[in-house]
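**Student:**
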Ligand code: PCA
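Residue numbers (my numbering): 2 to 213.
1) Against chain B, with Cβ distances strictly below 8 Å, would residue 177 count as a contact?
2) So the candidates are 99, 41 and 176; which of them puts its Cα closest to the Cα of residue 23?
3) Answer yes or no: the CB of residue 72 versus the heavy atoms of ligand 1, is any distance below 7 Å?
4) In three-state DSSP terms, what is residue 124?
5) Just list the beta strand (DSSP E) runs in the stretch 132 to 206, keeping only unbroken ones of 3 residues or longer that don't cross its boundaries, in chain order.
6) Whole angstroms are fine: how far does the CA of residue 27 sit from the CA of residue 207?
7) So, helix, strand or coil for residue 90, using DSSP?
8) Quick one: is residue 195 buried, meaning 16 or more other Cβ sit within 10 Å of its Cβ, or exposed?
9) Return the first residue and the last residue of the alpha helix (DSSP H) that residue 59 is part of.
10) List the endpoints of the continuous alpha helix (DSSP H) containing residue 22.
11) At a cut-off of 7 Å, is residue 181 close to ligand 1 when judged by its beta-carbon and the heavy atoms of the ligand?
12) Name the one or two DSSP bridge partners that residue 8 has.
What follows is the structure, encoded as structure tokens:
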């Protein structure tokens with residue numbers, strides 16, 4: 002049976018939870034559109050996170066990889082458009098490393114684009130009444146690092162699709178006025194993202210552009 006790899010991250014930056022880890026754990030072992038989901042957790046550590054991701058890809062030979070991460074403060078589910086070849090950490094990773102203005106892959110391209118049907122995913126989420134939008138920056142911390150490492154790895158695997166989706170905080174992580182989403186809504190959203198990714202060959206041609 003075909004496999005879909007979904008990764009999340011361990012908590013970081015002093016948080017005790019990370020919704021991305023909990024979504025990956027919840028989806029592990031599920032069947033979606035005839036595919037088996039493998040959920041895995043990556044360390045929030047530069048370098049090691051990409052090494053572990055590569056190990057999971059070698060081991061499970063997925064046809065699709067969706068990496069997830071927490072973007073605290075965002076109000077909605079945000080499929081990322083682009084990964085850039087830059088590490089520039091505002092805070093230390095979980096081993097205390099804080100690279101500034103470093104390339105992820107020395108002679109790698111400046112950026113990779115997601116190969117997920119990101120517009121179709123956003124449209125499908127809107128149809129089910131969920132808040133979602135395209136993000137044009139995954140930041141310059143470990144999430145962008147893993148996203149770039151993923152797309153660089155998939156370059157050698159034609160036909161395997163991959164990309165990154167950021168999710169908001171859980172309600173338990175925030176004070177009342179800050180944005181968050183319940184875990185079960187986030188799990189449902191990622192199930193839809195998987196479904197759309199395995200059933201949509203060509204992405205929708207509608208703008209996801211923003212003026213800023
Ligand atoms: N979010 C961080 C790294 C791990 C995570 O879940 C980020 O957005 O870079």
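By construction, the Cβ of each residue, glycine as well, lies at the ideal position given by its N, Cα and C atoms.
**Tutor:** With the given structure in hand:
1) Protein chains in the displayed structure number just one, and chain B is not present.
2) If we check each option's Cα against that of residue 23, 41 comes out closest.
3) Correct: residue 72 has its Cβ closer than 7 Å to ligand 1.
4) Under the three-state reduction of DSSP, residue 124 is assigned to helix.
5) Inside the stretch 132 to 206, DSSP marks whole beta strand (DSSP E) runs of 3 or more residues at positions 162 to 168, from first to last along the chain.
6) In a straight line, the C-alpha of residue 207 is about 32 Å away from that of residue 27.
7) In the structure shown, residue 90 adopts coil according to DSSP, grouped into three states.
8) By the neighbour-count criterion, in which 16 or more other beta carbons inside 10 Å mark a residue as buried, residue 195 falls on the buried side.
9) Residues 49 to 61.
10) Judged by DSSP secondary structure, residue 22 falls within the alpha helix (DSSP H) whose first and last residues are 20 to 28.
11) No, the beta carbon of residue 181 sits no closer than 7 Å to any heavy atom of ligand 1.
12) For residue 8, which the question treats as bridged, DSSP gives the partners 41 and 68.
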